[in-house]
DNA sequence: TAAATTCATCGTAAAATTACGATTAAAGAT
DNA sequence: ATCTTTAATCGTAATTTTACGATGAATTTA
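Protein chains in written order, with the working numbering: chain A, 1 to 93; chain B, 101 to 193.
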């Protein structure tokens, strides 16, 4: 729970997740181009998302293709939504 | 967005939100009793949640009664859920 | 084989986070 | 008026986070 939220609690990492969700092409370099951060910093953020289990990277020649780990991400979404639903005053049945 | 997630990205603060959501009595001291942290540390976490706008505290005599800021919390929930829905591969219509 | 490309890792610095005890301020009780 | 209770704030230490440039490893290209 906190692990997932922590992984998402940074603007750069939110943008990475959005970018991976919206684009099929997901090479590391593409993400670097999108973010106003250095290559090494982006690589660090990708590593944190990977450590949280939210994304996975696959080596493809000289490049690395990143994508959302759909199964894990679905678990994270369910976990977070469960928390949100349990704490909101307006109950949706 | 990141502001909300950051505020929630700590086990203690998640517990505080859960506790505030489930109990009507919400004095600061009660929260201190529930968490395995010192009074000053809990006070700091409460401050962060308040800075993020998620909770509000009202002085009641010598005690302070905390509760979730329902309007702000609903906005946060909607924002987070919007993000989650937009990034999940399984779309729910 | 040599050069270039891509990206992870290393080393490091600055800033933020987390935690605690001590102190302080405000209100209530004696 | 003094003491007690409650909770915020202060000061501080340890850790973590964030960011960068430099370096290194792996693969592709020339």
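All C-beta atoms in this analysis are idealised placements derived from N, C-alpha and C, irrespective of residue type, glycine included. Just so you know, these numbers come straight off a predicted model, no measurement behind them.
The residue among A:86, A:89, A:2 and A:74 with its C-alpha nearest the C-alpha of residue 185 (chain B) is A:74. Among the residues of chain B, none has a CB under 9 Å from the CB of residue 35 (chain A); the nearest is roughly 14 Å distant. Using a CB distance cut-off of 8 Å, residue 170 (chain B) counts as an interface residue toward chain A. It is roughly 42 Å from the alpha-carbon of residue 32 (chain A) to the alpha-carbon of residue 166 (chain B).
Against chain B, the beta carbon of residue 2 (chain A) has neighbours under 7 Å at 109, 110, 111 and 114, listed in chain order.
If you draw a straight line from the Cα of residue 7 (chain A) to the Cα of residue 13 (chain A), it is about 7 Å long. Note: residue 163 (chain B) is bridge-paired with B:160 in the DSSP secondary-structure output. Residues of chain A whose Cβ lies closer than 7 Å to the Cβ of residue 139 (chain B) do not exist; the shortest such Cβ separation is about 22 Å. Beta-bridge pairing by DSSP links residue 127 (chain B) to B:165.
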